[in-house]
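Note that our numbering gives residue 1356 to position 23 of the sequence shown, counting from 1, and the numbers run on in steps of one.
Cβ coordinates follow ideal geometry from the N, Cα and C atoms, glycine included.
Here the structure is a predicted model, which is why all the values come from computation and not from measurement.
Please read the structure below before turning to the comments.
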Amino acid sequence: MAMKLFKGAEYLISEISSADVFTPEDFTDEQKQIGETTEQFVVKEVVPLRADIESQNFALNIGLMKKCGELGLLMIDVPKAYGGLELDKATSMLATEKISLAGSFSITFSAHSGIGTLPLIYYGTKQQKDRYLGKLMSGEWIAAYCLTEPGSGSDALGAKTTAALSEDGRHYILNGTKQFITNGGFADIFTIFAKIDKEHLTAFLVERKSEGLSAGPEEKKLGIKGSSTTQIILENVKVPAENLLGEAGKGHKIAFNVLNIGRLKLGAGVAGASKTALADGIKYANQRKQFGTAISGFGAIKEKIADMTADIFASESLVYRLAGLIDTRLDTINKDIPDYYAAYQKGIEEYSMECAISKVFCSEVLASVVDEVLQIHGGYGFIQDYPAEAYYRDERINRIFEGTNEINRLLIPSTLLARAVKGEIPLMEAVKRAAQSLKAPAAAPDASAAFACEKALLAGLKKTFLLAAGSGARKFMGAIKDEQEILLAVADVAIYIFAIESAVLRAEKILPGLSESKKALVLAAVKIFTFNAAEKAASAARRSAYYIEEGEKLAGLLSAAGKLTRYNASGLLEAKRLLGSAAIEAEKYIF
């Protein structure tokens, strides 16, 4: 049965059924096979070379990319018309999750197959695709994406790189410097953003062999050392006019739309990395003995392992729910229409808010996991002979990649409010209903019904979000966009709502098909995550109340938040001991 189509941000004002979410348990045999093929490639071909890759033997990265091409891993998103597989986003996310086992090499892969290739797929002409896509999906050529500059990071539109049309109209002359370019040291083709006449941001496809294009030295980085990160320097580079990508002056559309998928893919990648780090943390805890017993037997360690497992359950639930949302939306588009990719991009942009949530939430779960895994290792976690040290360093970039987490947090309420102003989502009507509902006494949830307490909490959190967002919008009106502290706090509430709901709906959907022992573990994971996330959401709600109101209005918001964010987590300690013990016995992520 097809899943119901929901608009972006609609989860905040609607009740969603578990039948309408995609979960990892919904993968087909074909999708599972692609995941297994990717994982086996990494285990057999990449992991044995990790030390050499980390020493920046980039010939290995290049060779491994060609092997990825041979396995079909670089053609997952490429249209069938050009020899690709053109698979759904859920499958693409699964391959991205599995490639994360490869450490630094996963950055090479993801930058190429994601932001390196997707602009060409989405915006390229037939001639451009005919010329380049075959080389890119075979791994013969490697791609890079050049948006950031030394003086413009989050302010992408502040780019200084220029493009001027030659007198004969046959070339654009590019000048400028691009910063932090992944694959910069060995990429064969670059999507480079420059301003025509210093004003109109435009994308260009630029080949490495172009005269005047050079790469700076490799950056000396904290982590992901086995990936290439350089400047790309442009000195009077002549780019054929036919290599202009998309429309002149519309480069911002390419930049922002491709970043939406980049954020989704990053969410999947860090979810996979979280699983890898957790497994190593558990194995070490089982081996390390203190006071005559393995440290995994201590409650302090078991609790950490339970919390990490529950967080990862929510992380992957969120990623694949979002992939399912996007796939459901894209399936409604007729592929035969002439402007298919314009409609396709609008379909993805519909969920730009959720893509930002995926990036923020999943990257912060990985940050928490690697921090705890290092802590479990104790002093040895600080030593390079153990993997915890590399996980800790490599993780840090994910909260900066694809727009910093702060920028992505600001996008969440800003996007919602902009859509409300356009009448695309009935936000203020929902705010009014939330306020009116406070006048009626709330019925206590039936604690004996599965997920009744979690669903009651979600209903309360949604009202809390609406009350905070509505209060902020009424007080500051259009100026709310400048109240970043408020936007960040409100964004946190929205993030945790989506994460809790994703975990709960996944659990509700899969529970009937599970054994009694597996049911108990899923229920434990949901309880643990919901409790931890509800505490954070409640804190963010209170923070927003103090930022927005004062006097009686503040007291009213705080009182409402207190009532609406209560969660009955009875049996929490037992849930943690059960889940922690199961993960410790399996020595891996168990879902």
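Per DSSP, Y1455 is not a residue of any beta strand (DSSP E); the alpha helix (DSSP H) it occupies stretches across 1451-1456. For L1567, the enclosing beta strand (DSSP E) has its first and last residue at 1562-1573. Classified as buried, A1601 has 16 or more neighbouring CB atoms from the shown chains inside 10 Å of its CB. Judged by beta-carbon spacing, I1745 lies beyond the 8 angstroms limit of K1808, meaning their Cβ atoms are not closer than that value. Here C1479 is bridged, per DSSP, to I1525. No residue range can be given for T1356, since it is assigned to no alpha helix (DSSP H) and is classified by DSSP as neither H nor E. The beta-bridge partner set that DSSP reports for F1537 consists of I1525, L1577.
Residues of the same chain with a CB within less than 6 angstroms of the CB of S1433, apart from the 5 flanking positions on each side, are S1439, G1602, G1605, A1606 in chain order.
A check of alpha carbon separations from S1351 across A1840, A1908, C1479 identifies A1840 as the nearest.
Within the DSSP bridge table, the entry for G1509 names L1567 as partners. Bridge partners of L1771 according to DSSP: none are assigned. About 5 angstroms separates the CB atoms of Y1455 and Y1674; that is less than 8 angstroms, so the two are in contact.
Contact between the segment 1506-1526 and the segment 1476-1488 is present: 3 or more CB-CB pairs across the two stretches fall below 8 angstroms.
Between T1495 and E1482 the beta-carbon gap is near 11 angstroms, outside 8 angstroms, which marks them as no contact.
Rounded to the nearest whole angstrom, the CA to CA distance from I1506 to E1580 is 17 angstroms. When the beta-carbon positions are compared, D1613 and A1721 come within less than 8 angstroms of each other. Around the beta-carbon of D1644, 16 or more other beta-carbon atoms lie within 10 Å, marking it buried. Counting along the chain, the unbroken beta strand (DSSP E) around T1495 starts and ends at 1495-1498. Contact between the segment 1735-1754 and the segment 1689-1704 is established, with three or more Cβ pairs separated by less than 8 angstroms.
The Cβ-Cβ distance between Q1373 and L1427 does not fall below 8 angstroms. For A1548, the uninterrupted beta strand (DSSP E) segment begins and ends at 1546-1548.
Taking a C-beta distance under 8 angstroms as the contact criterion, M1470 and G1402 qualify as a contact pair. Rounded to the nearest angstrom, the gap between the Cα atoms of V1859 and V1570 is 55 angstroms. Rounded to the nearest angstrom, the gap between the Cα atoms of T1429 and T1370 is 12 angstroms. For the options G1341, K1598, T1661, A1335, the alpha carbon positioned closest to that of F1831 is the one of G1341.
Bridge pairing for T1626: Q1623 [DSSP]. The beta carbon of T1661 sits closer than 6 angstroms to those of M1336, L1338, all from its chain and outside the five residues before and after it, given in chain order. Annotation: I1565 to G1811 spans about 39 angstroms, alpha carbon to alpha carbon. Minimum Cα-Cα distance from A1873 among the listed residues L1800, I1923, E1885 corresponds to L1800. In this structure, the CA atom of L1345 is about 43 angstroms from the CA atom of R1383. Look at S1850 here: in three-state DSSP terms it is helix. A1867 and L1707 have their C-alpha atoms spaced approximately 26 angstroms apart.
Of the residues assessed, R1503 falls on the exposed side of the cut-off, its CB having fewer than 16 other CB atoms within 10 angstroms.
Counting other Cβ atoms within 10 Å of its Cβ, I1448 reaches 16 or more and is therefore classed as buried. Rounded to the nearest angstrom, the Cβ distance from V1764 to A1802 is 7 angstroms, consistent with a contact under 8 angstroms.
Around L1404, the same chain offers T1370, F1374 as residues with beta carbons nearer than 7 angstroms, after the five sequence neighbours per side are excluded.
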